[in-house]
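Worksheet for the structure shown next.
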Amino acid sequence: MSYQHKGITILKETILPGESKTINMEIAKLHTMTKLKIPIIVERSKVAGPTVLFTAGLHGDEINGTEIVRQLIVQKINKPKIGTIICIPIINIFGFVNKTREFPDGRDLNRVFPGSRNGSLASRFAYYLLKEIIPHVDYAVDFHAGGASRFNAAQIRIIPDNTELKDLADVFHAPFTLFSKNISGSFRSACHKLGVKMLLFEGGKSNDINNSITDQGVEGAKRLLEHFHMLNDRKKTNIPENKSIYIEKSTWIRAKFSGLFHGHTTIGSYVEKGDILAVVSDPYGKVEHKLKAPNSGYIINVNESPIVYQGDAIYHITTSLSHDQ
1 MSYQHKGITI LKETILPGES KTINMEIAKL HTMTKLKIPI IVERSKVAGP TVLFTAGLHG
61 DEINGTEIVR QLIVQKINKP KIGTIICIPI INIFGFVNKT REFPDGRDLN RVFPGSRNGS
121 LASRFAYYLL KEIIPHVDYA VDFHAGGASR FNAAQIRIIP DNTELKDLAD VFHAPFTLFS
181 KNISGSFRSA CHKLGVKMLL FEGGKSNDIN NSITDQGVEG AKRLLEHFHM LNDRKKTNIP
241 ENKSIYIEKS TWIRAKFSGL FHGHTTIGSY VEKGDILAVV SDPYGKVEHK LKAPNSGYII
301 NVNESPIVYQ GDAIYHITTS LSHDQ
């Protein structure tokens with residue numbers, strides 16, 4: 001594939017080949033009239049190549065993704081040998097300030113794409129993200145984490161039956177790859193419609209930084225850049241010994257009783273049908289309810305909350321693996 005090598009313009013600022021620039025996007029102020037700026041960090045090589053976008057913080061409390069993108073910048077992984085790398089460590093700056101998932105208007109940014117220039121606050125952010133950034137992008141990785149104390153095993157999510165995304169997921173080489181359809185109004189769905197090849201990374205939980213998840217996100221990003229010949233020669237990649245496990249179907253195991261949650265199962269482990277995964281007890285030492293695996297499979301999400309209610313999602317378990325790997 002041949003790539004055009006010319007200046008790219010974001011928010012009326014032009015970045016030429018070989019230039020580095022941080023562009024601050026400001027859509028709205030806080031209610032105190034304090035300015036909130038979203039840094040868009042652009043690094044361009046003098047040599048033509050693809051444009052790769054790394055984003056995080058679409059949900060303001062998913063800070064492990066922010067740490068992954070921050071590490072890409074700190075370690076200078078974002079300085080490409082060819083092409084262009086754009087990093088946005090925090091998209092939902094309002095949620096990040098408040099340590100909440102949503103925007104101040106109560107909306108989930110990941111459900112309002114493609115957005116509107118004159119719509120809600122979240123909708124306006126979605127609009128400008130697609131209008132100003134995405135037209136320059138060929139490939140993207142959007143980093144997320146589990147919400148509500150639910151810890152995700154490091155995983156890539158891609159739509160089914162897309163050979164190019166499957167190949168990119170192979171390159172990223174996360175421990176798990178989950179086939180999941182695009183959700184209407186999501187950033188991933190909007191990028192797909194605009195021709196951008198996006199991998200969605202899930203790992204860790206909200207309001208938490210986990211070093212193992214961070215490392216897996218960073219290493220996967222390096223492998224992707226190496227695949228496009230963009231990784232600086234001074235940076236080295238490694239290929240994990242174990243293959244990525246491809247998941248076609250999965251299901252949530254929910255609490256049948258309310259109480260104190262005592263988990264016995266580690267994230268990423270394989271369990272057999274009937275294995276005891278956890279115990280839910282009362283706080284008074286009289287009642288304990290065993291939670292058993294309904295089927296054999298891998299545990300790709302664990303609820304780490306010490307207290308659960310009847311119906312709460314506790315474990316995410318695979319029910320069908322892909323044999324075309």
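Per full-length UniProt numbering, the sequence shown starts with residue 1, numbered consecutively.
By construction, the Cβ of each residue, glycine as well, lies at the ideal position given by its N, Cα and C atoms.
Contact annotation: residue 263 and residue 302 have beta-carbon atoms nearer than 9 Å. Between the stretch 210 to 220 and the stretch 125 to 136, the count of C-beta pairs closer than 8 Å stays below three; the two stretches do not touch.
DSSP, reduced to helix, strand and coil, places residue 228 outside both helices and strands of the structure shown, so it counts as coil. A residue is called buried when at least 16 other Cβ atoms come within 10 angstroms of its Cβ; residue 26 does not meet this threshold and is exposed. If you check the CB distance, residue 318 and residue 247 come in under 9 Å.
Apart from sequence neighbours up to five positions away, the residues of its chain that approach residue 292 with a beta-carbon distance below 7 Å are 274, 275, 276 and 277, ordered along the chain. Counting only runs of at least 3 residues, the stretch 243 to 297 fully encloses the following beta strand (DSSP E) elements, listed from N- to C-terminal order: 245 to 254, 259 to 263, 276 to 281 and 288 to 292. Short of 6 Å from the beta carbon of residue 312, and not among the five residues preceding or following it, lie these beta carbons of its own chain, in chain order: 255.
Around the CB of residue 148, fewer than 16 other CB atoms lie within 10 Å, so the residue is classed as exposed. Taking one beta carbon from each stretch, the stretch 102 to 111 and the stretch 163 to 174 have fewer than 3 pairs nearer than 8 Å; the two do not touch. When secondary structure is reduced to three states using DSSP, residue 203 falls in the strand class. Straight through space, the alpha carbons of residue 285 and residue 162 are spaced by roughly 52 Å. In the DSSP assignment, residue 12 falls outside any beta strand (DSSP E) and carries neither an H nor an E. Taking a C-beta distance under 9 Å as the contact criterion, residue 51 and residue 87 do not qualify as a contact pair. Short of 8 Å from the beta carbon of residue 186, and not among the five residues preceding or following it, lie these beta carbons of its own chain, in chain order: 110, 111 and 113.
CA-CA distance, residue 132 to residue 3, rounds to 19 Å.
The criterion of a C-beta distance shorter than 9 Å is not satisfied by residue 19 and residue 59.
Shortest Cα-Cα distance from residue 47 to any of 41, 16 and 31 involves 16. Look at residue 31 here: in three-state DSSP terms it is coil, with no helix or strand label. The straight-line gap separating the alpha-carbon atoms of residue 84 and residue 42 is approximately 7 Å.
The straight-line gap separating the alpha-carbon atoms of residue 151 and residue 73 is approximately 25 Å. Rounded to whole angstroms, the separation of the alpha carbons of residue 265 and residue 272 is 11 Å. Between residue 145 and residue 205, the gap from beta carbon to beta carbon is short of 9 Å. By the neighbour-count criterion, in which a residue is buried when 16 or more other Cβ atoms sit within 10 angstroms of its Cβ, residue 75 is exposed.
Cβ-Cβ distances below 8 Å link residue 115 to 122, 123, 124, 125, 126, 127, 128, 129 and 130 in the same chain, with the five nearest sequence neighbours on each side left out; the list follows chain order. No Cβ-Cβ contact shorter than 9 Å links residue 298 with residue 201.
According to the DSSP assignment, residue 71 belongs to no beta strand (DSSP E) but to the alpha helix (DSSP H) extending over 63 to 74. Residue 20 is bridged by DSSP to 43.
Annotation for residue 141: no alpha helix (DSSP H) segment contains it, though the beta strand (DSSP E) segment containing it runs 139 to 146. In the three-state reduction of the DSSP assignment, residue 54 falls in the strand class.
Closest option to residue 217, judged by alpha-carbon separation, among 309, 174, 306 and 300: 174. Sequence-distant Cβ neighbours of residue 30 in its own chain, meaning closer than 7 Å and more than five residues away, are 36. In the structure shown, residue 212 falls within a helical segment according to DSSP collapsed to helix, strand and coil.
Under the DSSP assignment, residue 127 falls in the alpha helix (DSSP H) whose first and last residues are 121 to 128.
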